[in-house]
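Note that the protein sequences, when read in sequence, are chains Y and H. Going letter by letter, the first sequence gives residues 1 to 302 in this note's numbering. Going letter by letter, the second sequence gives residues 1 to 332 in this note's numbering. Yeah, the Cβ is synthetic: ideal placement off N, Cα and C, and Gly gets one too. The structure appears below as structure tokens.
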Amino acid sequence: MIRWRKRTRTSRSDPSQLVPPEGVPVHLKIAGVGVRMAAQITDILITGCAALAVVFLAVFLNAVSMIGFLAIASFAFFLIRIPYYVLFELMWNGQTLGKRIMKIKVVSHDGGTLTTHAIVLRNLMKEAEIFLPITLLLSLDASSPIGSLIGTMWVLMTLAIPLGNRYRRRLGDFLAGTHVVHLPQPILLKDLASGRAPAAVDGTEFSFLPYQLDHYGAFELQTLERVLRVEGNVDQVRHNETLSAIVEKIRQKIGYADAVTPNNRTAFLKAFYAAQRAHLEQRQLFGDRRVDKHHATAEKDP
Amino acid sequence: METAQLMRSARFRAEREDSWRKLEALVEEAERRGLHRMEFDAAKELAALYRQVTTSLAIAREISLDRALLDYLEALTARAYLSVYAPQERLGGIVGRFFTQSAPQAMRRNWAYVVAGIMAMFLGAVVGYLLYLEDPSWFYVFIPGELAQGRGPDASTASLRAVIYDEHSREGGLGAFATYLFSHNTRIAIFVFGLGAFACAPAAMLTFYNGIIIGAFMALHVERGLGYDLGGWLSVHGVTELAAICIACGGGLKLGTAVLFPGDLTRADALREAGRDAVKLALVAALMLLAAAALEGFARQLIQDPVIRYVVGWGIGALWLAWFALTGRTKT
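Take a look at the structure:
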């Protein structure tokens, strides 16, 4: 009872879940503070360099005097960065150059289209949240301790807001109704259960009886899948040890009498995986969803 | 072989894998080139395949226990969703709509907040004026040194006049423009808007304080018989600039009221709802500040005659008012 309640609460409030208008929830992992900071710094570097280039060009062409240099430089920075964020996020659907490099993206919090209003608002708030504190901190002098105190407090507050909520939203995200996610990479791996049924070295096929497949649930199946997908640069000796331990554990649990020789281990596990998955999927079709190996005891639990 | 044919989820995957691969290619193209630059057929197919893959995902969650397949479908659906529901607006349309419709409409919807902002500044000016007349030393209390630029109760009337009718500009036009933009008033406007979200009070107080400064300044010059000249000097850019501060204050007050009185919504939702109009007010204020800085940097040095200064300043003010009052009206 207690376990069941807990499970529904966590699944309901999973922050990485987003419901598109089609009604099928998708998972988009929330981007953390670190990666967003990195994207932000990249953007600041890009816009800052562009502003400096423009100002140096102007100085070089004698269009401006050196007297108002700092004011003009900060003005150029301001004029470049305001449209930079808004235009890029509009053009690239919620990605600036920095975000693109870091493979993160702004999405609408309610699953709808990212609106112009939201993009403009979250980037204008960036002025108040990030650039204002930065200019404040840069222009701080020791003569006004109250000013520096207020400035530091503000910086700490804006930095603390994303840490205080599970969506890692900053103030502008709250106002605009957005949050930032990692872009998922769709990679389709080979189906382990497709193709020829794996057989032992001497050609005999492994067969499992239905009662032997009643022990495990989806969690164990998918753990086995992860182990079977391990390939490439792994410590071969340790991997073989793991496989051997798994084979022995399974044989013991399901009461599989025949011994499995070392060069048959992978074939045995693949065959078991295929048979187990077919069995579990069939049970699932009949409404018997087996989450893990405790499924038999969990059912009796009211 | 037999297991593969028997197993529903493997069959399910084999039947649909081609369309998933196709969608993958289309999504990549949409992300690279943008949805509006794609061929009509490709865009149509993207939408259709996206809907198919959402169904595939829903079915796979029910029938398949293949983690690799589920992860792939999750990622593919999410990517396709993001490119199908991308913003479809064209840039020119957005800018045009802002000027002709959304900005003036937002101003008209929120006239009460803007009036409240104007009232805060006006009351501040009256208080500053009266306090100065009572005791000129109040001037030093209210006005920070760098803003006064040597103007104060101790300055001679001639030097005050010299600031107002400054024949030789200190810097080049553009440099002065940039300097003025980041001057005191712009910072005030940003703070007034941003601090409004903290329950109105800081925004109203800051506007009030800004009014006090203006009031004290006015009183100083009126006392020396320069009231008319100061009015002209201020009018050139001040009409636009002070109006911008009042509008920014209006936006801040709008956010603050949403926090104080959220009604049936939660505070976060109310703030978001209020933000729709408040951000338009902030954009209008930013635009006016830019215009004011241009006026301050260029026009104020060129025009030395007080009458023309009044005409230019208030004329531009009237233009702003006409924009807010007349454009974007729809027949009802």
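{"query": "Cα-Cα separation, H/Arg-329 to H/Trp-320", "result": "16 Å"}
{"query": "Residue from Y/Leu-183, Y/Glu-205 and Y/Ala-274 whose Cα sits closest to the Cα of Y/Lys-29", "result": "Y/Leu-183"}
{"query": "C-alpha distance - Y/Arg-290 paired with Y/Ala-218, whole-angstrom precision", "result": "6 Å"}
{"query": "Reference H/Leu-220; option with closest CA among H/Leu-46, H/Gly-128 and H/Val-115", "result": "H/Gly-128"}
{"query": "Inter-residue spacing [alpha-carbon to alpha-carbon] between H/Gly-196 and H/Arg-8", "result": "59 Å"}
{"query": "Cβ-Cβ distance between H/Trp-314 and H/Val-239 below 9 Å", "result": "yes"}
{"query": "C-alpha gap between H/Leu-130 and Y/Ile-161, whole angstroms", "result": "43 Å"}
{"query": "Minimum C-alpha distance to Y/Arg-170 - residue among Y/Ala-128, Y/Asp-14 and Y/Thr-297", "result": "Y/Ala-128"}
{"query": "Interface flag, Y/Asp-191 vs chain H, CB-CB below 9 Å", "result": "yes"}
{"query": "C-beta contact flag for Y/Gln-315 and Y/Phe-174 at 9 Å", "result": "Since the first and last residues shown for chain Y are 1 and 302, residue 315 of chain Y lies out of range."}
{"query": "Nearest neighbour of H/Leu-57, chosen from Y/Pro-186, Y/Asn-233 and Y/Thr-47 [CA to CA]", "result": "Y/Pro-186"}
{"query": "Nearest candidate by alpha-carbon position, reference H/Gly-124, set H/Pro-136, H/Leu-46, H/Thr-207 and H/Asn-110", "result": "H/Thr-207"}
{"query": "Touch test, the region 299-308 of chain H against the region 73-85 of chain H, Cβ-Cβ under 8 Å, three pairs minimum", "result": "no"}
{"query": "Status (buried if at least 16 other CB within 10 Å, exposed otherwise) for Y/Gln-17", "result": "exposed"}
{"query": "Beta bridge counterpart(s) of H/Leu-295 as assigned by DSSP", "result": "Paired residues: none, contrary to the question."}
{"query": "Proximity test, Cβ basis, 9 Å: Y/Glu-248 and chain H", "result": "no"}
{"query": "Cα-Cα separation, H/Val-312 to H/Leu-230", "result": "14 Å"}
{"query": "Rounded separation between Y/Met-1 and H/Thr-257 - CA only", "result": "In this prediction, Y/Met-1 has a pLDDT of 44, which is less than 50 and means its spatial position is unreliable; what the coordinates show is noted afterwards. Straight-line Cα distance between these residues: approximately 45 Å."}
{"query": "C-beta neighbour in chain Y for H/Gly-34, strict 9 Å", "result": "yes"}
{"query": "Candidates Y/Glu-220, Y/Phe-78 and Y/Tyr-256, of which the one nearest Y/Val-54 by Cα", "result": "Y/Phe-78"}
{"query": "Opening and closing residue of the beta strand (DSSP E) in which Y/Thr-178 lies", "result": "178-182"}
{"query": "Where Y/Ala-257 falls, given that 16 or more other Cβ within 10 Å makes a residue buried", "result": "exposed"}
{"query": "Which of helix, strand or coil DSSP assigns to Y/Gln-222", "result": "helix"}
{"query": "For Y/Lys-99, the first and last residue of its enclosing alpha helix (DSSP H)", "result": "97-102"}
{"query": "Beta-carbon gap between H/Leu-46 and H/Leu-70 smaller than 9 Å", "result": "no"}
{"query": "Residues sharing a beta bridge with Y/Val-26, DSSP", "result": "Y/Leu-18"}
{"query": "Distance CB(Y/Ala-271)-CB(Y/Glu-205) smaller than 9 Å", "result": "yes"}
{"query": "Cβ contact (3+ pairs, closer than 8 Å) linking the region 35-53 of chain H and the region 99-108 of chain H", "result": "no"}
{"query": "Short-range partners of chain H found in the region 175-190 of chain Y, where Cβ spacing is below 9 Å", "result": "Leu-175, Ala-176, Gly-177, Val-181, Leu-183, Pro-184, Gln-185, Pro-186, Ile-187, Leu-188, Leu-189 and Lys-190"}
{"query": "Test: H/His-168 CB closer than 9 Å to a CB of chain Y", "result": "Confidence is the limiting factor: at H/His-168 the pLDDT is only 49, short of 50, which leaves the residue's position unreliable, though a coordinate-based value still follows. Closer than 9 Å: no."}
{"query": "Integer Cβ distance of Y/Leu-213 from Y/His-279, believed to fall under 8 Å", "result": "4 Å"}
{"query": "Beta bridge counterpart(s) of Y/Lys-105 as assigned by DSSP", "result": "Y/Val-181"}
{"query": "Residue-chain proximity (Y/Asn-240, chain H), Cβ-Cβ < 9 Å", "result": "no"}
{"query": "Within 9 Å, strictly: CB atoms of H/Gly-251 and H/Ala-278", "result": "yes"}
{"query": "H/Leu-197 (DSSP reduced to helix, strand or coil)", "result": "In the sequence as displayed, the identity of residue 197 of chain H is Ala instead of Leu. Three-state result, H/Ala-197: coil."}
{"query": "Rounded Cβ spacing between H/Pro-87 and Y/Leu-90 (contact assumed at less than 8 Å)", "result": "6 Å"}
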